[in-house]
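Oh and the sequence shown: position 74 is 74 in full-length UniProt numbering, straight run, nothing missing.
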Amino acid sequence: MLRVISTGYDGKMGRIVAETVRADENCELAFVQAYDKSKCVQDITIYEKLADCEEKGDVIIDFSNHANLDNVLGYALRTKTPIVIATTGFNDEEIERIHKASEEIPVFFSYNMSLGVNIMVKLVKEAAKLLNGFDIEIVEKHHNRKVDAPSGTAIMIANGVKEVLPESNVVNGRSGRSCKRQPGDIGISAVRGGTIVGEHDALFCGDSEVVTISHQAQSRQIFANGALAAAKFIADKESGFYNMDDMLK
Numbered sequence: 001m002l003r004v005i006s007t008g009y010d011g012k013m014g015r016i017v018a019e020t021v022r023a024d025e026n027c028e029l030a031f032v033q034a035y036d037k038s039k040c041v042q043d044i045t046i047y048e049k050l051a052d053c054e055e056k057g058d059v060i061i062d063f064s065n066h067a068n069l070d071n072v073l074g075y076a077l078r079t080k081t082p083i084v085i086a087t088t089g090f091n092d093e094e095i096e097r098i099h100k101a102s103e104e105i106p107v108f109f110s111y112n113m114s115l116g117v118n119i120m121v122k123l124v125k126e127a128a129k130l131l132n133g134f135d136i137e138i139v140e141k142h143h144n145r146k147v148d149a150p151s152g153t154a155i156m157i158a159n160g161v162k163e164v165l166p167e168s169n170v171v172n173g174r175s176g177r178s179c180k181r182q183p184g185d186i187g188i189s190a191v192r193g194g195t196i197v198g199e200h201d202a203l204f205c206g207d208s209e210v211v212t213i214s215h216q217a218q219s220r221q222i223f224a225n226g227a228l229a230a231a232k233f234i235a236d237k238e239s240g241f242y243n244m245d246d247m248l249k
């Protein structure tokens, strides 16, 4: 029985992850972390800060907030617990700390836990190889409560292109009178509105033709399913940095 710790239980994804764990006959929800207990169903042990926690589990699934990194990563390192990080909005310094932690514990990190999105990135990389000279634009759409922009998935797609075209340059949004596209630009545009779960389009624009690779998330459940699959994958691994490519192999 895999004992899973879920963070961000006061948020939608944290609750969905917790319920997904409970629904799996091979898993047990050990306890959860939440800053605002008033938003939580009081039917499980809840810690506001994992620094106060002496309980242990087999693996952590982190769907919280980048500001929670010290709390979650500190507990994982102290207890030597494998961790799946599905939170977005990290800056370069925080990403470096995540990589540093992987020297001591298994860390699974992905900007998006959806199988479909990760396949999309693979297709985008192939298209970037084949569509030489096409202009590349990424459009991401999310609900009106999403805080960070561009989305982690849009960054993930752009990073995939940069693996193939390392000289390319990411441009986040365009505004003003001097915004002419430059050779090698990867444009990213962010849309925020309503209850959009998540939509991503990668456009390859050539002379008189456009190739579009798209993914539409119709439910947050796909992210919870992917995160739990990652937790099962990483639970018995040695220290190191893992991502969806490792799991898909």
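A virtual CB, placed ideally from N, CA and C, is assigned to each residue, including glycine.
| Asked | Found |
| --- | --- |
| Would you kindly work out how many angstroms separate the C-alpha atoms of G184 and V211, rounded to a whole number? | 17 Å |
| Please classify A231: does DSSP put it in a helix, a strand, or coil? | helix |
| Would you check if the stretch 142-161 and the stretch 83-93 touch, i.e. whether three or more CB-CB distances between them fall below 8 Å? | yes |
| On the three-state DSSP scale, how would you describe E209? | strand |
| Which of helix, strand or coil does DSSP assign to D24? | coil |
| Report buried or exposed for P166, applying the criterion of at least 16 other Cβ atoms within 10 angstroms of its Cβ. | exposed |
| Quick one: give me the first and last residue of the alpha helix (DSSP H) that I98 is part of. | 92-101 |
| Quick one: measure Cβ to Cβ for A158 and I188, integer angstroms, because I've assumed they're closer than 8 Å. | 6 Å |
| Residues in its own chain within less than 7 Å of Y111 by CB, not counting five upstream and five downstream? | T88, G152, T153, I155, M156 |
| Return the chain-ordered list of same chain residues with a C-beta closer than 8 Å to the C-beta of G74, the five sequence neighbours on each side being excluded. | L50, A51 |
| For a quick check, are the C-beta atoms of S168 and I186 less than 9 Å apart? | yes |
| Could you pull out every unbroken beta strand (DSSP E) segment of at least 3 residues lying fully inside the UniProt domain "Dihydrodipicolinate reductase C-terminal" (116-248), listed in chain order? | 135-142, 169-172, 185-192, 198-206, 209-217, 240-242 |
| Since A34 contacts E48 with CB under 8 Å, what's their CB separation in whole angstroms? | 7 Å |
| In whole angstroms, what separates the C-alpha of G129 from that of V161? | One point to set straight first is that residue 129 is Lys, not Gly, in the sequence displayed. Computed Cα separation, rounded: 9 Å. |
| How is the alpha helix (DSSP H) around T7 delimited, first residue to last? | Looking at the DSSP string, T7 is not in any alpha helix (DSSP H); the run it does join, the beta strand (DSSP E), is 2-7. |
| Using a Cβ-Cβ cutoff of less than 7 Å, which residues in the same chain neighbour E103 once the five nearest sequence positions on both sides are dropped? | S239 |
| Check each candidate in I61, Q182, I213, G176 and name the one with the smallest Cα separation from V170. | Q182 |
| For V123, count the other beta carbons within 10 Å of its own beta carbon; 16 or more makes it buried, fewer makes it exposed. Which is it? | It should be noted that the sequence gives Leu, not Val, for residue 123. When all chains shown are included, L123 counts as exposed. |
| Sort F204, V72, R78 by Cα distance to S64 and report the nearest one. | V72 |
| Bridge partners of F63, per DSSP? | For F63, which the question treats as bridged, DSSP gives no partner whatsoever. |
| Is the beta carbon of F109 less than 9 Å from the beta carbon of A231? | no |
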